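First to last, the protein sequences are chains A and B. In this text, residue positions in the first sequence follow my numbering: the first is 879, and each later residue adds one. In this text, residue positions in the second sequence follow my numbering: the first is 467, and each later residue adds one.
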Amino acid sequence: MKKVFMPLVMVAILALIPFVGVQYAGLSYLFGVIIPYTAIVVLLAGFLLRLADWLRRPVPFRIPTTCGQEKSLEWIKYDRFESPHRFWEVAARVLFEVLFFRSLFRNTKAEIHKDANLAYGSHKWLWFGGLAFHWSLLIIVLRHSRFFFPMVPGFTDLLSHVDGFFDVTLPTFYITDAVVLVAITFLVFRRLNDAKMRLISLQTDYFPLFLIAAIVVVGVFMRYLTRLDIMPVKDQMLRLVNFSVDAPGDIGALFYVHLFLVSVLAIYFPFSKLMHAGAIFLSPTRNQCNNSREKRHINPWNTAIKFRTYAEYEDDYREKMKKAKLPIEKQ
Amino acid sequence: MEVMMKSRKLLWLVTFAAFSIVVALYVFRNGEAELSQKPLARVSAIDSTKCIAPKEFMRANHMQVLQGWERSVVREGDRVHIASNGSRFQKSLGTCLGCHNNRLFCYNCHSYANVKPKCWNCHLSPMETP
């Protein structure tokens, strides 16, 4: 249980730091300017360094995970997306994985029934919960672009409109706010519910979940309950986008909690499992063509070996072989 | 077979729950209708010569004030706002817009911050007044 409570306590402490810092110590410059800039620098640099590190690693052989017929002879039908052999097929496969989590869709669950039979069954809940969580998060992040543009782009307007489809409460209730909270609750309880899952779950699995949950809860609180004054927030966000270092205006402490937790998430990102966002594109088991029957892939690590062919051997010893009456290929 | 029985039970349960919610809503609605028949308390005329609170407070909290007004007028029929210095105002958008009569008074900031409450779905927007 320590694995669950430690991250929970850490997130609570992280949320308290900016609240105390701004409310009682007046550190709004630190939490409104210095830390956000640091966070974005760490996120971008860290992300790029991780990607560069992975890109430098040689992958000498074709190791794609496939579950379909490989392309071989003309008259054998092959599976374009399960065993891709052209670049665009690989690209489509990666894209489907990123957008719709195809491999999770195939998730199965094994359980022992009462009559002691082992049974396997399709188990789509993780796929569904993960999809709901990631898509809501994407829409929420895109919706936040209204803080970063002086004139709000039409796309954001459209997105907010669709998201606020139900048109209830003031300010309008966004569907994704609820979906992301339900999904993250499910994802946490999925880990806690099953003994096997509890065993393999680590602090690094719970921490980002709790951190994102805290960010969402504080955001929901600001929007629907406290109804934070948004004008100085927009001023401050525009300043950050324009690389200005002016002090922020008079903003409620709750906003700094939100911003600080987002900064923590950004700094944590390149050092953690959250890097799966970049890694999924670079995973060699997924981003390679399965074409080893068509093309020879030579390991670049192989040291150059001087081979001696039989023809050369025969050239050297032809006379001696003739004398010994050994058969020779070339007279 | 067992699974089917289970799902049928669940179906009945959900139907029953939905039915009871509809009934509860209907009863609740009737109660509200009686409430609205109470005579409304009114201030005699709209007074827009002074603001209900200091400028800084209103800038940061006008949404809370208006939301509070909306609830208390619609749900409780209370149309009188008593300011902290004891003066009385009518809870109406007209009270605000009588003094803040610039057509772009709301629009400027609200378009900048991209905050779009639905006031003008029912009320007449200052940008539409002749």
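We put the beta carbon where it would ideally sit given N, CA and C, even for glycine. Keep in mind it's a predicted model, so treat the numbers as computed, not measured.
Closer than 7 Å at the beta carbon, the chain B residues around Leu1103 (chain A): Those within 7 Å of Leu1103 (chain A) in chain B number zero; the least Cβ separation is about 10 Å.
Chain-ordered chain B contacts of Asp1083 (chain A) [CB-CB under 8 Å]: The contacting residues do not exist; Asp1083 (chain A) stays about 32 Å from chain B at best.
Any chain B beta carbon closer than 9 Å to Lys880 (chain A): Taking Cβ atoms only, chain B never reaches closer than 9 Å to Lys880 (chain A), which makes this a no.
Neighbouring residues, chain A, relative to Asn580 (chain B) (Cβ below 7 Å): Arg1024 and Val1030
Opposing strand residues paired with Glu967 (chain A) [DSSP bridges]: Looking at the DSSP assignment, Glu967 (chain A) forms no beta bridge with any residue, so it has no partner.
When A:Leu977, A:Met1029, A:Leu1080 and A:Phe1025 are compared against Lys1151 (chain A), the one with the closest alpha-carbon: A:Leu1080
C-beta neighbour in chain B for Thr1034 (chain A), strict 9 Å: yes
Anticipated Cβ contact below 8 Å, Leu1137 (chain A) with Gly910 (chain A), distance rounded: 7 Å
Reference Ala549 (chain B); option with closest CA among B:Gly564, B:Ala519 and B:His528: B:Ala519
Against chain B: residues of the segment 1041-1052 of chain A by CB proximity under 8 Å: Asp1045, Leu1048, Pro1049 and Thr1050
DSSP beta-bridge partners of Phe555 (chain B): B:His547
Cβ-Cβ separation, Leu1009 (chain A) to Ile1145 (chain A) (assumed contact under 8 Å), whole Å: Contact between Ile1145 (chain A) and Leu1009 (chain A) is ruled out by a C-beta separation of about 27 Å, above the 8 Å threshold.
Under the three-state DSSP convention, the category Tyr578 (chain B) falls into: helix
Interface residues of chain B facing Met1109 (chain A) [CB-CB closer than 8 Å]: Arg525, Cys575, Tyr578 and Ala579
Exposure of Asp1128 (chain A), with buried meaning 16 or more beta-carbon neighbours within 10 Å: exposed
For Ser1122 (chain A), three-class secondary structure by DSSP: coil
Short CB-CB distance (under 9 Å) between Asp1072 (chain A) and chain D: Here the protein chains are A and B, and chain D is not one of them.
According to DSSP, residues forming a beta bridge with Ile990 (chain A): A:Leu996
Reduced DSSP category for Gly1127 (chain A) - H, G, I as helix; E, B as strand; rest coil: coil
Close Cβ partners of Val1119 (chain A) (< 6 Å) along its chain, the five nearest in sequence each way excluded: Phe1026
Supposed contact pair Lys557 (chain B) and Val539 (chain B) - C-beta distance, whole angstroms, cut 8 Å: 5 Å
Asn1071 (chain A) - DSSP class collapsed to helix/strand/coil: DSSP, read as helix, strand or coil, puts Asn1071 (chain A) in helix.
Runs of alpha helix (DSSP H) wholly within the segment 1027-1099 of chain A (minimum 4 residues, chain order): 1032-1041, 1053-1071, 1073-1078 and 1081-1098
Close Cβ partners of Lys880 (chain A) (< 8 Å) along its chain, the five nearest in sequence each way excluded: none
Residue environment, His1039 (chain A), which counts as buried when at least 16 other CB atoms sit within 10 Å: Here His1039 (chain A) is exposed. Its C-beta has fewer than 16 other C-beta atoms within 10 Å.
Element boundaries [alpha helix (DSSP H), containing Gly534 (chain B)]: Lys521 to Glu542
Three-way DSSP call (helix, strand, coil) for Thr561 (chain B) in this model: helix
Separation of Ser981 (chain A) from Ala988 (chain A), as counted between CA atoms: Their backbone Cα atoms lie some 17 Å apart in a straight line.
Where Val937 (chain A) sits in the DSSP three-state scheme: Val937 (chain A) falls in the coil class under three-state DSSP.
Candidates A:His963, A:Leu1143 and A:His1001, of which the one nearest Phe983 (chain A) by Cα: A:His1001
Beta-carbon spacing of Ser906 (chain A), Ala1125 (chain A) below 9 Å: yes
Option nearest Phe897 (chain A) by Cα separation, candidates A:Tyr1134, A:Glu967 and A:Ile1158: A:Tyr1134
Sequence-distant residues of the same chain with beta carbon closer than 7 Å to Met467 (chain B), five excluded per side: Because Met467 (chain B) carries a pLDDT of 46, less than 50, the predicted location of this residue cannot be relied on, and no value is offered for it.
9 Å Cβ cutoff, Pro583 (chain B) in contact with chain A: yes
Contact set between the segment 529-558 of chain B and chain A, restricted to residues whose Cβ is under 7 Å from the partner: Met529, Gln530 and Gln533
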